[in-house]
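In the numbering used here, the protein residues as written are 7 to 302.
Single-structure report; data block below.
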Ligand code: PAF
């Protein structure tokens with residue numbers, strides 16, 4: 007049977023009507039929220055969604071409320087036709103691509119905050135960012151009424167915030183974290199890698215390499231704080247212009263950790279600037295969870 011072509015919907019009303027039809031036929035629904043500029047990391051989310059759900063919606067919305075002043079909202083790469091072709095190729099069923107007015111009506115005041123989790127690491131460097139993310143994701147989940155939603159572990163803090171929010175607000179969608187897809191040299195795929203020059207691209211894998219080395223040293227008994235200082239030195243020596251943070255934290259609460267405890271899952275997160283790009287990455291401290299995943 008030839009697959010049905012991808013349908014593009016622009017309004018919440020159309021999306022809900024489509025989901026109602028699917029539900030009437032007992033079909034399960036998955037949502038993959040994106041801001042477009044799709045790469046293999048996003049396609050891995052779509053594939054996981056398709057293997058879990060009968061019908062898959064990919065949303066494409068460059069959410070202005072999660073960009074701070076001076077960030078790259080205007081420059082963020084946009085190419086809906088290319089993104090639509092990519093997800094159609096995977097067999098997704100609906101592309102939900104609303105305009106800003108559809109997602110944020112005049113006079114709206116309600117926001118979703120996830121205090122604590124949204125104030126550290128990325129949140130400390132991008133004030134308001136996670137309020138923008140949590141609010142738009144809550145809206146997308148409410149519009150799609152999906153059984154399952156899929157997010158990349160590349161944005162690990164975002165994933166933890168969404169898990170907390172969905173739990174706290176009793177949103178009946180199961181959240182799945184999907185492993186980061188990396189280039190062969192370890193660089194995590196990101197829409198913002200497009201900003202790197204050839205020379206910067208050669209430096210960029212040092213971020214992942216540094217995190218891997220930290221994980222090994224932490225498991226071997228190194229102090230978390232000391233390892234963070236060493237990693238900053240290593241990254242700037244490799245050519246990064248500055249390091250916003252590099253931190254060993256509890257994998258769920260994101261609280262700082264100094265001492266390795268095999269019974270307490272830990273994660274190492276970092277953000278560093280390289281030319282026009284600000285790269286983020288993270289890995290599990292457990293060596294078992296860091297198996298290489300790359301596009302080939
Ligand atoms: O990870 C992203 O692309 C965005 O933060 C998300 C989850 C689509 C919300 O705008």
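Ideal Cβ positions, reconstructed from N, Cα and C, are used throughout, including at glycine.
Model, not experiment: these values are computed from the prediction.
Contacts around residue i, its chain only, beta-carbon distance under 8 Å, and the 5 residues preceding and following it disregarded
{"i": "residue 36", "result": "55, 56, 58, 59, 61, 62, 63, 152, 153, 154, 155, 156"}
{"i": "residue 43", "result": "82, 83, 84, 85, 89, 197, 200"}
Inter-residue Cα distance where the pair is residue i and residue j
{"i": "residue 20", "j": "residue 76", "result": "34 Å"}
{"i": "residue 282", "j": "residue 158", "result": "23 Å"}
{"i": "residue 236", "j": "residue 224", "result": "12 Å"}
{"i": "residue 251", "j": "residue 182", "result": "26 Å"}
{"i": "residue 270", "j": "residue 238", "result": "24 Å"}
{"i": "residue 245", "j": "residue 279", "result": "10 Å"}
{"i": "residue 38", "j": "residue 25", "result": "14 Å"}
{"i": "residue 293", "j": "residue 192", "result": "15 Å"}
{"i": "residue 138", "j": "residue 130", "result": "14 Å"}
{"i": "residue 173", "j": "residue 179", "result": "9 Å"}
{"i": "residue 28", "j": "residue 267", "result": "46 Å"}
{"i": "residue 148", "j": "residue 164", "result": "18 Å"}
{"i": "residue 115", "j": "residue 70", "result": "15 Å"}
{"i": "residue 177", "j": "residue 240", "result": "42 Å"}
{"i": "residue 46", "j": "residue 93", "result": "11 Å"}
{"i": "residue 122", "j": "residue 259", "result": "9 Å"}
{"i": "residue 143", "j": "residue 68", "result": "12 Å"}
{"i": "residue 290", "j": "residue 274", "result": "6 Å"}
{"i": "residue 105", "j": "residue 30", "result": "28 Å"}
{"i": "residue 226", "j": "residue 220", "result": "10 Å"}
{"i": "residue 285", "j": "residue 206", "result": "11 Å"}
{"i": "residue 107", "j": "residue 72", "result": "16 Å"}
{"i": "residue 127", "j": "residue 253", "result": "8 Å"}
{"i": "residue 276", "j": "residue 52", "result": "26 Å"}
Cross-strand partners of residue i (DSSP beta bridge)
{"i": "residue 279", "result": "248, 284"}
{"i": "residue 63", "result": "37, 100"}
{"i": "residue 14", "result": "101"}
{"i": "residue 273", "result": "255, 290"}
{"i": "residue 194", "result": "188"}
{"i": "residue 262", "result": "255"}
Beta-carbon contacts of residue i that lie in its chain and below 7 Å, excluding the five residues immediately before and after
{"i": "residue 261", "result": "255"}
{"i": "residue 120", "result": "136, 140, 167, 170, 171"}
{"i": "residue 33", "result": "60, 61"}
{"i": "residue 194", "result": "160, 186, 188, 214, 287"}
{"i": "residue 109", "result": "67, 142, 145"}
Close Cβ partners of residue i (< 6 Å) along its chain, the five nearest in sequence each way excluded
{"i": "residue 146", "result": "39, 65"}
{"i": "residue 102", "result": "15, 21, 63, 65"}
*Along the chain, which unbroken stretches of the alpha helix (DSSP H) at least 4 residues long are found entirely within the stretch 117-188?*
128-131, 135-150, 162-174
*4-residue-minimum alpha helix (DSSP H) runs that sit fully inside the stretch 197-238, ordered along the chain*: 204-209, 212-225
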